[in-house]
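Top line first, the protein sequences correspond to chains A and B.
When we follow the working numbering, the leftmost residue of the first sequence carries the number 81, and every step to the right adds one.
When we follow the working numbering, the leftmost residue of the second sequence carries the number 81, and every step to the right adds one.
Cβ coordinates follow ideal geometry from the N, Cα and C atoms, glycine included.
Just so you know, these numbers come straight off a predicted model, no measurement behind them.
These notes concern the structure reproduced below.
There are 2 protein chains.
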Amino acid sequence: MPHHTLQTTIEKTLGESLPDTACRQFDAMAFEKSFDKKQLLVEPGRACNYQYFILEGACYSYYINEKGDKNAVQFAIENYWITDAASYFAGQPSVSTIETLEPTRLLVLSRQNFELLCKTHPLWDRYFRILLQTTLAHLHYRIVNTTSENAEHRYREFSRLYPHFIQRIPQYLIASYLGIKPQSLSRIRKEIAHKG
Amino acid sequence: MPHHTLQTTIEKTLGESLPDTACRQFDAMAFEKSFDKKQLLVEPGRACNYQYFILEGACYSYYINEKGDKNAVQFAIENYWITDAASYFAGQPSVSTIETLEPTRLLVLSRQNFELLCKTHPLWDRYFRILLQTTLAHLHYRIVNTTSENAEHRYREFSRLYPHFIQRIPQYLIASYLGIKPQSLSRIRKEIAHKG
DNA sequence: GTTCTTTCTTAACCTATGTGAACGAAAACC
DNA sequence: GGTTTTCGTTCACATAGGTTAAGAAAGAAC
Numbered sequence: 081m082p083h084h085t086l087q088t089t090i091e092k093t094l095g096e097s098l099p100d101t102a103c104r105q106f107d108a109m110a111f112e113k114s115f116d117k118k119q120l121l122v123e124p125g126r127a128c129n130y131q132y133f134i135l136e137g138a139c140y141s142y143y144i145n146e147k148g149d150k151n152a153v154q155f156a157i158e159n160y161w162i163t164d165a166a167s168y169f170a171g172q173p174s175v176s177t178i179e180t181l182e183p184t185r186l187l188v189l190s191r192q193n194f195e196l197l198c199k200t201h202p203l204w205d206r207y208f209r210i211l212l213q214t215t216l217a218h219l220h221y222r223i224v225n226t227t228s229e230n231a232e233h234r235y236r237e238f239s240r241l242y243p244h245f246i247q248r249i250p251q252y253l254i255a256s257y258l259g260i261k262p263q264s265l266s267r268i269r270k271e272i273a274h275k276g
Numbered sequence: 081m082p083h084h085t086l087q088t089t090i091e092k093t094l095g096e097s098l099p100d101t102a103c104r105q106f107d108a109m110a111f112e113k114s115f116d117k118k119q120l121l122v123e124p125g126r127a128c129n130y131q132y133f134i135l136e137g138a139c140y141s142y143y144i145n146e147k148g149d150k151n152a153v154q155f156a157i158e159n160y161w162i163t164d165a166a167s168y169f170a171g172q173p174s175v176s177t178i179e180t181l182e183p184t185r186l187l188v189l190s191r192q193n194f195e196l197l198c199k200t201h202p203l204w205d206r207y208f209r210i211l212l213q214t215t216l217a218h219l220h221y222r223i224v225n226t227t228s229e230n231a232e233h234r235y236r237e238f239s240r241l242y243p244h245f246i247q248r249i250p251q252y253l254i255a256s257y258l259g260i261k262p263q264s265l266s267r268i269r270k271e272i273a274h275k276g
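Okay, here's the thing in structure tokens:
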């Protein structure tokens, strides 16, 4: 596997080392690609046929509702996977957009190759199962947080869990991720700065 | 497999039939259990060592925050799996409670047996991977909905997607699932009844 | 450097949802 | 069948967060 960073990530998730055969299979299935800042990886209405593993840079996925508000769904930096799950896993048209926040270098894995990969070596089924389990736990936590805590609490929690995101991601996107308007986040930050 | 309903569900998810060996493995790993109404399957603070597949009845998981509000996280009826994901998959103490809403008959799969099962036949890794993919797509949708739509929209959407839940689950729990108070749901329902 | 664009902040006012309390209707219990 | 909880509704009032608009600050483009 040419991408040492990915292999390390996978082995950490799996809790066991990845055999050479599996590595070579992955290499045959995925390819590397680079994007400038503000380029679209996925557009709503079209099928999202790829999942992306970020080697360098940052992306985010967002959804635009009927009112026209943009809502960040997920942020992804180095060592994160990102895709439109509903579209990629079920082959439906995507509802979200995925866009780079910075110049980004990433690995691209098509749905077809993903399925082939899982068929060629059972460790791939296992790796993605475990990856999804972890993601699921995070999403549950996020849902609880979103439905039961106020905006200030959510922002404090976000800053605590993802301090590196705070530095790299524009505030108005963080606001939309938290389910509030940029003006409200500005107000909340001011209050926090005062009372600590 | 003694539980035809589960086998059907699994094969539908997998898109292929489950070999006899895999069925027998599952039978050796899981056992059936029955609960009365309002019994606790999981308590916060303790490890949640099981995941549950509901054969008959209904359960829900909820989280109680510092203010003491109860917030429904997930509802589960026949053919749903339910667990505290963070606790079950990572072995941490549970943060949520899982409770029966009705007398319930379910299958119990311990974390140990789950892991054994996945090691004995690769189809189990695959089944749970695909199950998790679908769950993930739903949760993404729910997060988007919760952060970008108002309470009325969320209630309409919930009614549309889960009409069978509306009948079986108390309103104050649906309210907490939607992130609002029971009084607000009552008000919203009244408005909807008027304007349609 | 200067200009243009994007992002962040502030403030006044507005609205959806929360709060607390009271009441009636179911449902559970004996 | 009567009693006791639990659940749903309503209302008056409170508040977090949304809206609109304007300007300051920070980057990007030239």
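Chain-order list of residues whose beta-carbon lies under 6 Å from that of residue i (same chain, five-residue window excluded)
{"i": "D116 (chain A)", "result": "P183"}
{"i": "A102 (chain A)", "result": "H201 and L203"}
{"i": "I144 (chain A)", "result": "K150"}
{"i": "C198 (chain B)", "result": "W204 and D205"}
Residues near residue i in its chain [Cβ-Cβ closer than 7 Å; skip 5 each side]
{"i": "Q154 (chain A)", "result": "Y140, S141 and I162"}
{"i": "I268 (chain A)", "result": "A231, E232 and Y235"}
Distance between residue j and residue i (C-alpha atoms, nearest Å)
{"i": "H201 (chain B)", "j": "M109 (chain B)", "result": "13 Å"}
{"i": "L94 (chain A)", "j": "S228 (chain B)", "result": "35 Å"}
{"i": "R206 (chain A)", "j": "R104 (chain A)", "result": "17 Å"}
{"i": "V224 (chain A)", "j": "T226 (chain B)", "result": "11 Å"}
{"i": "Y252 (chain B)", "j": "K118 (chain B)", "result": "15 Å"}
{"i": "S266 (chain A)", "j": "I272 (chain A)", "result": "10 Å"}
{"i": "S174 (chain B)", "j": "K275 (chain B)", "result": "43 Å"}
{"i": "C43 (chain A)", "j": "K150 (chain A)", "result": "Beyond the ends of chain A as shown, which are 81 and 276, falls residue 43 (chain A); an answer cannot be given."}
{"i": "H84 (chain A)", "j": "D100 (chain A)", "result": "13 Å"}
{"i": "L241 (chain A)", "j": "S97 (chain B)", "result": "42 Å"}
{"i": "L86 (chain B)", "j": "R185 (chain B)", "result": "13 Å"}
{"i": "V122 (chain B)", "j": "I178 (chain B)", "result": "5 Å"}
{"i": "T89 (chain B)", "j": "P124 (chain B)", "result": "30 Å"}
{"i": "K270 (chain B)", "j": "G148 (chain A)", "result": "28 Å"}
{"i": "S239 (chain B)", "j": "R126 (chain A)", "result": "28 Å"}
{"i": "A217 (chain A)", "j": "A217 (chain B)", "result": "13 Å"}
{"i": "F111 (chain B)", "j": "F111 (chain A)", "result": "45 Å"}
{"i": "P243 (chain B)", "j": "P243 (chain A)", "result": "41 Å"}
Where residue i falls, given that 16 or more other Cβ within 10 Å makes a residue buried
{"i": "L284 (chain B)", "result": "Only positions 81 to 276 of chain B appear in this structure, which leaves residue 284 (chain B) out of reach."}
{"i": "R209 (chain A)", "result": "buried"}
{"i": "T215 (chain A)", "result": "buried"}
{"i": "G137 (chain B)", "result": "buried"}
{"i": "R222 (chain B)", "result": "buried"}
{"i": "F169 (chain A)", "result": "buried"}
{"i": "L203 (chain B)", "result": "buried"}
{"i": "L120 (chain B)", "result": "exposed"}
{"i": "Q172 (chain B)", "result": "exposed"}
{"i": "S167 (chain A)", "result": "buried"}
{"i": "Q247 (chain A)", "result": "exposed"}
Same chain, Cβ closer than 8 Å to residue i, five either side skipped, listed in chain order
{"i": "Y160 (chain A)", "result": "F133 and I134"}
{"i": "S264 (chain B)", "result": "A231 and A255"}
Reference residue i; option with closest CA among the options
{"i": "T180 (chain A)", "options": "A:K113, A:H274, A:A127 and A:L203", "result": "A:K113"}
{"i": "E146 (chain B)", "options": "B:N129, B:D164, B:S176 and B:A170", "result": "B:S176"}
{"i": "L280 (chain B)", "options": "A:H244, A:A165, A:S266 and A:P250", "result": "This structure cannot speak to residue 280 (chain B), because chain B is shown only from 81 to 276."}
{"i": "I249 (chain A)", "options": "A:I157, A:E123 and A:A217", "result": "A:I157"}
{"i": "A152 (chain B)", "options": "B:Q192, B:P173, B:F245 and B:Q87", "result": "B:F245"}
{"i": "D107 (chain A)", "options": "A:N193, A:R269 and A:S239", "result": "A:N193"}
{"i": "Q131 (chain A)", "options": "A:D100, A:L86, A:S190 and A:S97", "result": "A:S190"}
{"i": "E91 (chain B)", "options": "B:P124, B:R269, B:L211 and B:V122", "result": "B:L211"}
{"i": "E195 (chain B)", "options": "A:P243, A:Q213, A:K199 and A:L197", "result": "A:Q213"}
Quiz item: Is it true that the region 259-267 of chain A meets the region 224-236 of chain A, where meeting means three or more beta-carbon pairs spaced less than 8 Å apart?
Solution: yes
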